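First residue of the sequence shown: 1, per this note's numbering; consecutive thereafter.
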Amino acid sequence: MSVSRIVFTPLNYVGWGSLEQLIPEVERFSPKKILVVTDPVLEKIGLVQRVIRPLTEQGYDVYVYSDVVPEPPLEIGEKLVSFTRQGRFDMVIGVGGGSAMDLAKLAAVLAVHEGPAADYLNLTGTKKVHKKGLPKILIPTTSGTGSEVTNISVLSLDTTKDVVTHDYLLADVAIVDPELTVSVPPRVTAATGIDALTHAVEAYVSVNASPTTDGLALQAIRLIARSLRKAVENGNDKQARIDMSNGSYLAGLAFFNAGVAGVHALAYPLGGQFHIPHGESNAVLLPYVMGYIRKSCAKRMADILNALGGNSSYLSEEEDSYRCVEELERIVRDVGIPRTLGGFHIPETALERLTQDAVKQKRLLARSPLPLLEDDIRAIYRAAFDGV
Ligand code: NAD
1 MSVSRIVFTP LNYVGWGSLE QLIPEVERFS PKKILVVTDP VLEKIGLVQR
51 VIRPLTEQGY DVYVYSDVVP EPPLEIGEKL VSFTRQGRFD MVIGVGGGSA
101 MDLAKLAAVL AVHEGPAADY LNLTGTKKVH KKGLPKILIP TTSGTGSEVT
151 NISVLSLDTT KDVVTHDYLL ADVAIVDPEL TVSVPPRVTA ATGIDALTHA
201 VEAYVSVNAS PTTDGLALQA IRLIARSLRK AVENGNDKQA RIDMSNGSYL
251 AGLAFFNAGV AGVHALAYPL GGQFHIPHGE SNAVLLPYVM GYIRKSCAKR
301 MADILNALGG NSSYLSEEED SYRCVEELER IVRDVGIPRT LGGFHIPETA
351 LERLTQDAVK QKRLLARSPL PLLEDDIRAI YRAAFDGV
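Here it is as structure tokens:
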């Protein structure tokens with residue numbers, strides 16, 4: 001009998017208007033000086049001010065750090081960590097997509113550690129996180145990464161991505177308010193939504209899946225399948241935004257506890273080498289990786305087909321696993337994401353280097369229901385390049 005280790009964020013508020021919980025939650029920690037980590041776009045459109053105005057009105061000393069860029073490189077993480085150490089803050093609030101939230105949790109934890117952030121990276125680092133750090137509240141403004149409920153901070157390196165991961169990186173409080181996502185433009189809504197779908201799909205077929213994560217993942221898939229297209233078509237569709245927030249939150253809980261696998265292992269080098277947004281790298285690879293592994297998890301793929309609202313064949317699980325891949329392809333296409341590597345201007349000559357970098361993602365690859373070795377990875381990139 002296997003035992004599942006399930007970890008949840010201590011406190012989550014999820015729902016339209018849940019941002020109102022920010023002040024009472026901040027009060028619990030009695031901070032004197034608060035660091036808000038965010039990005040320039042959110043500052044420009046006034047979303048950050050909306051979050052911090054009530055804090056300043058209550059007399060809190062708030063400093064906004066808005067130098068976060070999408071898919072943040074390690075150097076940006078290093079700068080923020082130094083800044084946080086020098087600033088003597090006693091709380092960090094991350095407001096933004098995965099990029100801002102990942103840096104907020106990194107800064108909150110490494111503020112009380114020594115040495116550069118690079119020392120704490122999973123693949124190449126030599127040190128381990130061993131202290132909890134500053135209290136942190138995470139407030140997502142995209143429906144995608146689930147970073148508000150995971151213990152992971154992703155950083156971009158020269159050719160790939162790496163993570164700092166420890167349960168101390170978990171938020172003390174996550175506030176998931178769909179209202180904050182209404183301004184997300186269609187292309188980002190599409191990419192982040194497919195990212196969330198990928199989390200749920202990979203968690204459901206992961207070798208570490210459990211009944212708890214299965215429930216989270218399947219409900220996430222249902223919500224995303226019924227609302228992602230609507231949210232892309234009309235960002236003001238309130239119910240679609242609510243479904244997407246709930247879907248990405250549930251998918252985050254699912255993948256944090258069951259893990260993601262092959263899609264992410266192959267997507268990281270695309271992000272690292274070609275700066276393709278994380279959601280889009282996942283989206284272009286999702287049908288190809290799932291197509292390659294489907295026979296190893298046909299029953300589970302048939303379940304996913306049902307959750308996606310696709311037509312079951314009632315003939316065989318293998319047939320349904322095929323239909324599931326078709327359904328995934330359809331949703332990626334419907335939200336307007338290119339379906340081949342060529343659509344992202346990736347040359348054929350890049351395939352070998354992508355393969356060599358993906359092979360290094362052993363932690364992710366180990367969760368695939370079909371072991372993915374170098375030749376398998378090469379074949380998947382080739383299929384994604386050829387579009388077959
Ligand atoms: P992002 O945070 O990079 O944001 C993408 C763009 O959307 C940015 O330009 C941002 O300003 C804009 N944006 C965000 N919210 C908006 C809003 N409400 N209105 C208008 N514009 C808005 O994108 P993301 O996909 O959320 O995060 C990607 C990062 O998260 C990557 O680095 C990825 O590797 C990481 N990630 C982390 C985890 C985790 O568990 N920690 C999981 C998956 C991905």
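Yeah, the Cβ is synthetic: ideal placement off N, Cα and C, and Gly gets one too. Computed from a prediction, not measured in an experiment: that's the story for all the values here.
Other residues of its chain near GLU329: CB distance less than 8 Å, five sequence neighbours each side excluded
PRO287, ARG339
Identity of the residue in LEU19, GLY259, ALA100, LEU270 nearest PRO40 by Cα
ALA100
With 16 other CB atoms within 10 Å as the buried threshold, where does ASN234 fall?
exposed
Closer than 6 Å: GLY96 CB and nearest the ligand NAD heavy atom
yes
Cβ distance (whole Å) where VAL36 is taken to contact ILE52 below 8 Å:
6 Å
Where the alpha helix (DSSP H) through ASP61 begins and ends
From DSSP, ASP61 is part of no alpha helix (DSSP H) but of the beta strand (DSSP E) over 61 to 65.
Check whether the Cβ of HIS278 sits closer than 6 Å to any heavy atom of the ligand NAD, and report yes or no.
yes
Going by the beta-carbon positions, is the gap between ALA171 and LYS136 smaller than 7 Å?
yes
Span of the alpha helix (DSSP H) around SER82
74 to 87
With ALA174 as the anchor, note down where its beta strand (DSSP E) starts and where it stops.
173 to 176
With a cut-off of 8 Å on the beta carbons, I'd call SER147 and LEU157 a contact; round off their distance for me.
That pair is no contact at about 18 Å.
Here's a check: name, in chain order, each residue in its chain whose Cβ is nearer than 6 Å to the Cβ of ILE276, leaving out the five neighbours to either side.
LEU270, PHE344
Compute the minimum distance between the beta carbon of SER245 and the heavy atoms of the ligand NAD, and state whether it is under 6 Å.
no
Three-state secondary structure assigned by DSSP to ASP237
coil
For the beta strand (DSSP E) that contains GLY94, what are its first and last residues?
91 to 96
Would you say the beta carbon of PRO70 comes nearer than 6 Å to a heavy atom of the ligand NAD?
yes
Roughly how far, in whole angstroms, is the beta-carbon of GLU317 from the beta-carbon of ALA302, given that I think they are within contact range, below 8 Å?
5 Å
To the nearest angstrom, report how far apart VAL176 and ASP162 are at their CA atoms.
26 Å
Indicate, with yes or no, if the ligand NAD has a heavy atom lying under 6 Å from the CB of GLY144.
yes
State the CB to CB distance for the pair ILE93 and ALA104, rounded to an integer number of angstroms; the pair is presumed to be in contact (CB under 8 Å).
7 Å
Spatial neighbours of TYR292 in its chain, beta-carbon cut-off 6 Å, leaving aside the 5 residues before and after:
ILE380
Does the beta carbon of VAL92 fall short of 6 Å from some heavy atom of the ligand NAD?
no
Give me the Cα-Cα distance between ARG294 and LEU74, rounded to the nearest whole angstrom.
35 Å
Can you give me the start and stop residues for the alpha helix (DSSP H) that ILE421 sits inside?
Because the chain spans 1 through 388 in this model, residue 421 falls outside it and cannot be assessed.
For a minimum of 4 consecutive residues, which ranges assigned as the alpha helix (DSSP H) are wholly contained in the stretch 272 to 300?
278 to 293
Residue closest to ARG222, alpha-carbon to alpha-carbon, out of ASN236, LEU55, SER248:
SER248
Any non-hydrogen atom of the ligand NAD closer than 6 Å to THR392 Cβ:
An answer regarding residue 392 cannot be provided, because it is not within the stretch 1 to 388 covered by the chain.
What does VAL51 pair with, by DSSP beta-bridge criteria?
In DSSP, VAL51 forms no bridge with anything.
ARG5 versus ASP376, PRO211, HIS278, ASN306, residue with shortest Cα-Cα distance
PRO211
Less than 6 Å between the CB of ILE152 and some heavy atom of the ligand NAD, yes or no?
yes
Rounded separation between ARG28 and TYR13 - CA only
15 Å
Got a sec, what are the start and stop residues for the beta strand (DSSP E) ASP162 sits in?
161 to 165
Is SER66 near the ligand NAD, in the sense that its beta carbon is under 6 Å from a heavy atom of that ligand?
no
Quick check on the burial criterion: 16 or more other C-beta atoms within 10 angstroms. Buried or exposed for HIS130?
exposed
May I have the straight-line CA-CA distance separating PRO24 from ASP237, to the nearest angstrom?
29 Å
Can you determine whether any heavy atom of the ligand NAD sits closer than 6 Å to the C-beta of SER313, and answer yes or no?
no
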